[in-house]
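Below is one structure, written out as structure tokens, with a few remarks after it.
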Amino acid sequence: MLTAYLVTTANDTVAADGLVSLREAIQAANANAIVGDAPAGTANGDTITFHTSLTGATINLALGEIAVSEDLVINGLSVGVTIDAGNLSRIFNIATSENVTLVGLTLTDGTAADSGGAISVSGGGRTRLERMTISDSVAAGAGGGAVFSHSSVVVVVNSVLSGNSATGASGAGGAILNGPSSQLTVFNSTISGNTANRAGGGIEDISGAGLGVLLTGTNLVNNNAGVAPAAGNPGDGGGLHVTGAGDVSITGGQITGNTAARQGGGLWTGTGKMTIVGTLIDANIARGNAATDGGGGIYKAGGVLNIGGQTVISNNRANGTSGSGGGLFSAGGGVTINSSTFRRNIANRAGGAIEIIVGTLNFTLSGLFQNTAGPSGTAAPGNGGGLHVTGANALSIIRLSEVRENVAAREGGGLWNADGGTMRVLGSLVTVNVASGAAADDGGGGIFNDGGNLTIVNSAVTENRATGTAGSGGGVFSVDGTVLVNRSTIARNVANRAGGGIEIVTGYVDVDHSFLNGNIAGLGAAGNPGNGGAVHVTGADATVFIRRSDVLNNRARLEGGGLWNAAGSDMFVFVAVVAGNVANGAAAHDGGGGIFNNGGDLTVTRSTVIDNRALPALGTATSGGGIFTTGGLVSINSSEISRNVAGTAGGGVKITGGTVNINSSVISDNIAGQPAAGTTLAGQGGGVSISGANSTVTLRSSVV
Numbered sequence: 001m002l003t004a005y006l007v008t009t010a011n012d013t014v015a016a017d018g019l020v021s022l023r024e025a026i027q028a029a030n031a032n033a034i035v036g037d038a039p040a041g042t043a044n045g046d047t048i049t050f051h052t053s054l055t056g057a058t059i060n061l062a063l064g065e066i067a068v069s070e071d072l073v074i075n076g077l078s079v080g081v082t083i084d085a086g087n088l089s090r091i092f093n094i095a096t097s098e099n100v101t102l103v104g105l106t107l108t109d110g111t112a113a114d115s116g117g118a119i120s121v122s123g124g125g126r127t128r129l130e131r132m133t134i135s136d137s138v139a140a141g142a143g144g145g146a147v148f149s150h151s152s153v154v155v156v157v158n159s160v161l162s163g164n165s166a167t168g169a170s171g172a173g174g175a176i177l178n179g180p181s182s183q184l185t186v187f188n189s190t191i192s193g194n195t196a197n198r199a200g201g202g203i204e205d206i207s208g209a210g211l212g213v214l215l216t217g218t219n220l221v222n223n224n225a226g227v228a229p230a231a232g233n234p235g236d237g238g239g240l241h242v243t244g245a246g247d248v249s250i251t252g253g254q255i256t257g258n259t260a261a262r263q264g265g266g267l268w269t270g271t272g273k274m275t276i277v278g279t280l281i282d283a284n285i286a287r288g289n290a291a292t293d294g295g296g297g298i299y300k301a302g303g304v305l306n307i308g309g310q311t312v313i314s315n316n317r318a319n320g321t322s323g324s325g326g327g328l329f330s331a332g333g334g335v336t337i338n339s340s341t342f343r344r345n346i347a348n349r350a351g352g353a354i355e356i357i358v359g360t361l362n363f364t365l366s367g368l369f370q371n372t373a374g375p376s377g378t379a380a381p382g383n384g385g386g387l388h389v390t391g392a393n394a395l396s397i398i399r400l401s402e403v404r405e406n407v408a409a410r411e412g413g414g415l416w417n418a419d420g421g422t423m424r425v426l427g428s429l430v431t432v433n434v435a436s437g438a439a440a441d442d443g444g445g446g447i448f449n450d451g452g453n454l455t456i457v458n459s460a461v462t463e464n465r466a467t468g469t470a471g472s473g474g475g476v477f478s479v480d481g482t483v484l485v486n487r488s489t490i491a492r493n494v495a496n497r498a499g500g501g502i503e504i505v506t507g508y509v510d511v512d513h514s515f516l517n518g519n520i521a522g523l524g525a526a527g528n529p530g531n532g533g534a535v536h537v538t539g540a541d542a543t544v545f546i547r548r549s550d551v552l553n554n555r556a557r558l559e560g561g562g563l564w565n566a567a568g569s570d571m572f573v574f575v576a577v578v579a580g581n582v583a584n585g586a587a588a589h590d591g592g593g594g595i596f597n598n599g600g601d602l603t604v605t606r607s608t609v610i611d612n613r614a615l616p617a618l619g620t621a622t623s624g625g626g627i628f629t630t631g632g633l634v635s636i637n638s639s640e641i642s643r644n645v646a647g648t649a650g651g652g653v654k655i656t657g658g659t660v661n662i663n664s665s666v667i668s669d670n671i672a673g674q675p676a677a678g679t680t681l682a683g684q685g686g687g688v689s690i691s692g693a694n695s696t697v698t699l700r701s702s703v704v
């Protein structure tokens, strides 16, 4: 039968004085022998409670830490006793293979030269801390300002651990250090305002492989790793840090207001697996200055990260000089995000919401909303407002998700894919994102592809903007690599310089069974110059296919209301409709309401170029209502060019150089000679206008 002890004095004494102290009761329970006025304990476990006269009392430890070595329950819930070590010693040293439970106690001002400022647990047993408050305790060695565990199980329930510190040069775990071969479970508790020099402002896990930490309904709030007054060494994982391969499971609760001097303002995970379900990760900060630093909400060094269950990652910042990944930084391994939201996160360098160096990202049924890369006044470049992928061989899959209202100071307002990376946008919406880089190679309001492999399937890229002085690619900007657009819509995007819908420098682009609709290149006075309303090809050696697609109602301030092809590049328009597009150039050499070919090779097969206009908005003349070509090789096969209008010449087709072959086609009902209002200019070549000494035109089996 167990012994039930009743503590009757707040004095920390061992004496035959007619009173039972807490120390006497614990020593008697440990030894199963009489100590002072405390009766002998039993081998089957004992309990300790407090007399009601001790309600609100403080026990000031005068004899150093109290050792616990047997099965024991200490319950102070009914009286609210405080145990104060006065910064002179640790409070409890629990070294047993048995079960120990502490309930309803307040532990404060504990100090340890090594680990576990308030409590040290070892010996392989199980310790339960229930409705406890542990505060203002310090571990000056390895860490665990409040609690240290080695080869044991610790369960924390409905408790508060606050204001504790790991002050050693490499101190970790401001509140809890979960040591080797240990397991930590925390339910419905708050860990707040704790500090560590090295890592884990709230919790540090060094348990090794397997499940090390389980948090349920728990809040990690305002903890600090390595930020003054802590000495950053390096300062990772403001809320929680995992060293090594330990696994972590977080369900519910909040990770808010934590700070790290370098990486992982909220959470930092190593090479194990971290699972987060239904958690709010908000307003955490990572202050590291290097491009490899950041992860305001979460930093992932490797392993596996799974996020789901309506988790919200919001208002986090990577605010170091080149900090990346405002919400999440993944340096390697796999990331799976399902049914979750990243909102209003900020990174100075790249990846306003997410930065991926290498590895795999699966982003499903989730959202990237109002994130920012490169806020005003921060270091360049500011790429990937929603997502930035830095390394080659990374695979990013955006599936059934929404990327909305993100901003990049330079490139990729919504998404940014690296040279050699693979990005797939499947069944998703990329909309109202902004890239504000000023150079001609900046832009990609919706998506920037820096030479990787980009696939867009069953998706919509709409109402994105490249707002910089010479910003290009309102919807998509591709420097090189491969872009495949299938059964998708690129619509109502805007770029100042070129490529309202898509800008291509070089590489391979295939648009199939898709809509390019209502895009604008060169909006108003900001146009610089404003070419290629739907698609613009800048460099040589690009190959572009527009097949079984509709290019409708796009606008260019100068040339190529629908499509614009550069010298040295190949454009193939196959079974497509190019209709209702407008080029508003001011001079006779401007225009190409449907298509402008600037000396490249253009093939139009089994397609319809209809109801396009090359009409001046400011000057007196534009040409080539349907198609304008300045050189190269143009082949028009089994196609219809009709009801197009040009301000001055070539209502259907304007040719100023190169070789043009028109085979089995119809050019009809086009108009030349419709200049700007209030001006008069004779039209030339309602169907076809040819000028220039180096033009060769062949018509076969065609009607003009």
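By the numbering used here, the letter at position 594 of the sequence shown is numbered 594, and the numbering carries on one by one without gaps.
We put the CB at the ideal spot given by N, CA and C, even for glycine.
DSSP state of residue i mapped onto helix, strand, coil
i, result
"residue 30", "helix"
"residue 25", "helix"
"residue 305", "strand"
"residue 177", "strand"
"residue 469", "coil"
"residue 400", "coil"
"residue 54", "helix"
"residue 709", "Because the chain here runs from 1 to 704, residue 709 falls outside it and cannot be looked at."
"residue 547", "strand"
"residue 130", "strand"
"residue 206", "coil"
"residue 199", "strand"
"residue 336", "strand"
"residue 20", "coil"
"residue 79", "coil"
"residue 700", "strand"
"residue 571", "strand"
Distance between residue j and residue i (C-alpha atoms, nearest Å)
i, j, result
"residue 321", "residue 340", "28 angstroms"
"residue 201", "residue 166", "8 angstroms"
"residue 643", "residue 305", "57 angstroms"
"residue 155", "residue 81", "21 angstroms"
"residue 633", "residue 600", "7 angstroms"
"residue 422", "residue 481", "10 angstroms"
"residue 107", "residue 397", "49 angstroms"
"residue 719", "residue 491", "The requested residue 719 is not part of the displayed model; the chain covers only 1 to 704."
"residue 289", "residue 224", "17 angstroms"
"residue 618", "residue 419", "For residue 618, the predicted structure reports a pLDDT of 49, less than 50, and the residue's modelled location is therefore unreliable. A value from the coordinates is still provided. When rounded, the distance between both Cα atoms is 40 angstroms."
"residue 317", "residue 352", "8 angstroms"
"residue 693", "residue 654", "14 angstroms"
"residue 173", "residue 241", "8 angstroms"
"residue 248", "residue 179", "14 angstroms"
"residue 742", "residue 64", "The shown model of the chain, from 1 to 704, leaves out residue 742, and the question about it has no answer."
"residue 94", "residue 121", "5 angstroms"
"residue 43", "residue 101", "16 angstroms"
Cβ-based burial, residue i [other Cβ within 10 Å; buried from 16]
i, result
"residue 129", "buried"
"residue 274", "buried"
"residue 55", "exposed"
"residue 703", "exposed"
"residue 528", "buried"
"residue 183", "buried"
"residue 376", "exposed"
"residue 670", "buried"
"residue 229", "exposed"
"residue 132", "buried"
"residue 210", "exposed"
Cβ of residue i within 9 angstroms of any chain D Cβ
i, result
"residue 62", "Although the question refers to chain D, the structure presented lacks it and comprises just one protein chain."
Those residues which DSSP pairs with residue i across a bridge
i, result
"residue 563", "535 and 595"
"residue 454", "423 and 483"
"residue 558", "According to DSSP, residue 558 bridges with nothing at all."
"residue 106", "82 and 133"
"residue 582", "555 and 613"
"residue 317", "285 and 346"
ask   = What are the complete beta strand (DSSP E) segments, minimum 3 residues, inside the stretch 352-396?
value = Runs of beta strand (DSSP E) with 3 or more residues, each lying fully within the stretch 352-396, are found at 354-356, 360-364, 367-369 and 387-389, listed in chain order.
task = Write down every uninterrupted run of the beta strand (DSSP E) in the stretch 604-661 whose length is 3 residues or greater and which is fully enclosed by it, in chain order.
result = Every unbroken stretch of the beta strand (DSSP E) spanning 3 or more residues and falling wholly within the stretch 604-661 is given here in chain order: 608-610, 627-629, 633-637, 640-642 and 653-655.
message = Just to confirm the assignment: which complete beta strand (DSSP E) runs, minimum length 3, are found wholly within the stretch 208-249?
response = Positions of the beta strand (DSSP E) runs, each at least 3 residues long and wholly inside the stretch 208-249, are given as 210-216, 219-221 and 240-242 in order along the chain.
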